[in-house]
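Just so you know, the sequences run in chain order H and U. Residues in the first sequence are numbered from 1 upward in steps of one, following the numbering used here. Residues in the second sequence are numbered from 1001 upward in steps of one, following the numbering used here. Cβ coordinates follow ideal geometry from the N, Cα and C atoms, glycine included.
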Amino acid sequence: MNVVALIKAVPDLTQSRYSKSEMKLQEKGPRLMPPVSENVLEAVRQIKESNQNVSTRALLLGNQAEDIVLRKALAFGLDQACLILGDVDAYDPYLKSRLIAKALEKLGVPDVLVVGSDSGFGSGGQLGIRVAELLGFEDAETVGDIASASPSVRKVFLVEQGANQPRIPNIMAVMKAGSKELLTLKAEELLTGEEFKSVQIISREEWLG
Amino acid sequence: MEDDPLAFMRGEVVPENTAQSESSSASGIVITLETDEQGKPTKASEELIGKALELNGELGGRVSGCLAGAKASDYAKSFVHYGLDKILVMKESGGNSKSITEKFAKWAEESRPELWMFPESRFGRRTAARMAARLGTGFVNSVQAVNIDLNSRSMEMTHLELQGKFRRTIVIREARPQIMTLARGAGSPARLSETERSPIEVLEL
Chain H
1 MNVVALIKAV
11 PDLTQSRYSK
21 SEMKLQEKGP
31 RLMPPVSENV
41 LEAVRQIKES
51 NQNVSTRALL
61 LGNQAEDIVL
71 RKALAFGLDQ
81 ACLILGDVDA
91 YDPYLKSRLI
101 AKALEKLGVP
111 DVLVVGSDSG
121 FGSGGQLGIR
131 VAELLGFEDA
141 ETVGDIASAS
151 PSVRKVFLVE
161 QGANQPRIPN
171 IMAVMKAGSK
181 ELLTLKAEEL
191 LTGEEFKSVQ
201 IISREEWLG
Chain U
1001 MEDDPLAFMR
1011 GEVVPENTAQ
1021 SESSSASGIV
1031 ITLETDEQGK
1041 PTKASEELIG
1051 KALELNGELG
1061 GRVSGCLAGA
1071 KASDYAKSFV
1081 HYGLDKILVM
1091 KESGGNSKSI
1101 TEKFAKWAEE
1111 SRPELWMFPE
1121 SRFGRRTAAR
1131 MAARLGTGFV
1141 NSVQAVNIDL
1151 NSRSMEMTHL
1161 ELQGKFRRTI
1171 VIREARPQIM
1181 TLARGAGSPA
1191 RLSETERSPI
1201 EVLEL
């Protein structure tokens, strides 16, 4: 069984400041893995522990600096990690989901996709569900649903923030993850021309602090 | 399982991708209605109806409520006194967001609404995201306020991001329907009217 965890990286709001003159968030420090992505990785771990012959991969759409988040996923015990390299902040969920679906097609469509619900940082957890719909995945409500599913039915497992207690990797796992190779796919090579477009724009934003 | 799961993404299975459609050809508002386990309208559904009727005051189209699921025909009767133009019952036995999405999307391709509103619930968010993917359109979650640009008939949908630190307004340009979930408390609950009675239409899709 092939399982893919869709994770994300978010700005560190404790260090970042909003620039009123530039009207944008000035990020400081590397992006972080949000708690809901840790819950996703823990769910993948549980799937691996309760099934035989499970191969796991973390997938993240982001920039090169966000590979640190993917390495954390490897430290959680996932077998492989793939970065879809792109200007993620410029893409809307429509484009992001198509890029991820295309990447999964290229890597081999998994049997199970594990995604997070709303992280509080973006579009309300719609990305993973969009990908699931593009690939024809059915909903799984529990880890048990995945174990009992027919091998011919692909499932998406939506993990809520706080749904489990992530086991934080030890230092050895972190060090081992640091030396593992990451696979990189370029967004502009996955979709091209007319396919590479967003359907929605941000028309106004206001910093509430 | 299909050999090529991305076929419909390229428009090969669903021939008409509404992302490519012109916004001017779409009209009307559809809202997805939810009930509690006893079949009574949820507060979120009442707020959704209230907001849809308010928006329709500017848009001047029709507002249809829709329900899906095994008991949808029975539960539809709970919504006939809210001033909706029509209540649609989608015959559906799967009972999950994927199977319901297939029915909703099929109907959306035929009827071409300009706005489809869902309640802010687990079911609402899941189904809205699936609909947006299948129809190739945009989706804004937890919308707190809506303004309408009547020239383009685009909704300016405002919600919070970055853990509530950003208030963002998002516009879905050409793709239709525009899809949203309405944040709880963002609409005034619709009032019951004993004199009005919305027709119920059962769709065999």
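By how many angstroms is the C-alpha of residue j removed from the C-alpha of residue i?
i, j, result
"Y1075 of chain U", "T1032 of chain U", "13 Å"
"K1106 of chain U", "M1090 of chain U", "11 Å"
"G1083 of chain U", "S1198 of chain U", "7 Å"
"S16 of chain H", "Q26 of chain H", "6 Å"
"V159 of chain H", "E1196 of chain U", "42 Å"
"K155 of chain H", "V112 of chain H", "5 Å"
"A1129 of chain U", "F1123 of chain U", "10 Å"
"Q1144 of chain U", "I1170 of chain U", "12 Å"
"S1111 of chain U", "K1098 of chain U", "20 Å"
"E205 of chain H", "S148 of chain H", "45 Å"
"Q200 of chain H", "M1131 of chain U", "15 Å"
"S1152 of chain U", "A1026 of chain U", "11 Å"
"S55 of chain H", "A5 of chain H", "11 Å"
"S1188 of chain U", "I1049 of chain U", "9 Å"
"K72 of chain H", "S123 of chain H", "23 Å"
"K1043 of chain U", "E1161 of chain U", "24 Å"
"P93 of chain H", "T142 of chain H", "25 Å"
"F1008 of chain U", "R1134 of chain U", "Caution applies to F1008 of chain U, whose pLDDT of 49 falls short of 50 and renders its modelled position unreliable; the value that the coordinates give is listed next. Rounded to the nearest angstrom, the two C-alpha atoms are 8 Å apart."
Pull up the DSSP beta-bridge partners for residue i, would you.
i, result
"P1041 of chain U", "U:T1035"
"I84 of chain H", "H:L61, H:L185"
"G116 of chain H", "H:V159"
"A140 of chain H", "H:F157"
"H1159 of chain U", "U:R1168"
"T1181 of chain U", "U:F1118"
"K1086 of chain U", "U:S1064"
"A5 of chain H", "H:A58, H:V114"
"Q200 of chain H", "U:I1172"
"Y18 of chain H", "H:L25"
"I1200 of chain U", "U:I1087"
"V131 of chain H", "DSSP lists no partner for V131 of chain H."
"L32 of chain H", "H:V10"
Taking only beta-carbon atoms, is residue i less than 8 Å away from chain H?
i, result
"N1151 of chain U", "no"
"T1032 of chain U", "no"
"E1156 of chain U", "yes"
"E1161 of chain U", "yes"
"S1021 of chain U", "Model confidence at S1021 of chain U stands at a pLDDT of 49, short of 50, so the residue's coordinates are unreliable; what they give is reported in the following sentence. So, not an interface residue."
"A1132 of chain U", "yes"
"F1118 of chain U", "no"
"K1098 of chain U", "yes"
"V1171 of chain U", "yes"
"T1101 of chain U", "yes"
"K1165 of chain U", "yes"
"S1198 of chain U", "no"
"A1026 of chain U", "no"
"S1111 of chain U", "no"
"F1104 of chain U", "no"
"G1185 of chain U", "no"
"S1093 of chain U", "no"
"N1056 of chain U", "no"
"F1139 of chain U", "yes"
"R1125 of chain U", "yes"
"A1145 of chain U", "no"
Does any residue of chain U have a CB that is nearer than 8 Å to the CB of residue i?
i, result
"D139 of chain H", "yes"
"D92 of chain H", "yes"
"E66 of chain H", "no"
"E189 of chain H", "no"
"Q216 of chain H", "Because chain H spans 1 through 209 in this model, residue 216 of chain H falls outside it and cannot be assessed."
"F121 of chain H", "yes"
Could you check whether the Cβ of residue i sits closer than 7 Å to any heavy atom belonging to the ligand SAH?
i, result
"K1040 of chain U", "Although the ligand SAH was asked about, the structure shown includes no ligands whatsoever."
**Request:** Say whether the segment 1136-1150 of chain U touches the segment 184-195 of chain H, bearing in mind that this needs 3 or more beta-carbon pairs closer than 8 Å, one atom from each stretch.
**Result:** Touching, no, given that fewer than three Cβ pairs across the two stretches are closer than 8 Å.
**Prompt:** Can you list the beta strand (DSSP E) stretches of 3 or more residues lying completely in the segment 1088-1154 of chain U, in chain order?
**Reply:** Every beta strand (DSSP E) stretch that sits fully inside the segment 1088-1154 of chain U and reaches 3 residues is listed by chain position as 1115-1119, 1139-1143, 1145-1149.
**Request:** Evaluate the contact criterion for the segment 1152-1170 of chain U versus the segment 126-134 of chain H: three or more CB pairs, one atom per stretch, below 8 Å.
**Result:** Output reads no: the segment 126-134 of chain H does not touch the segment 1152-1170 of chain U.
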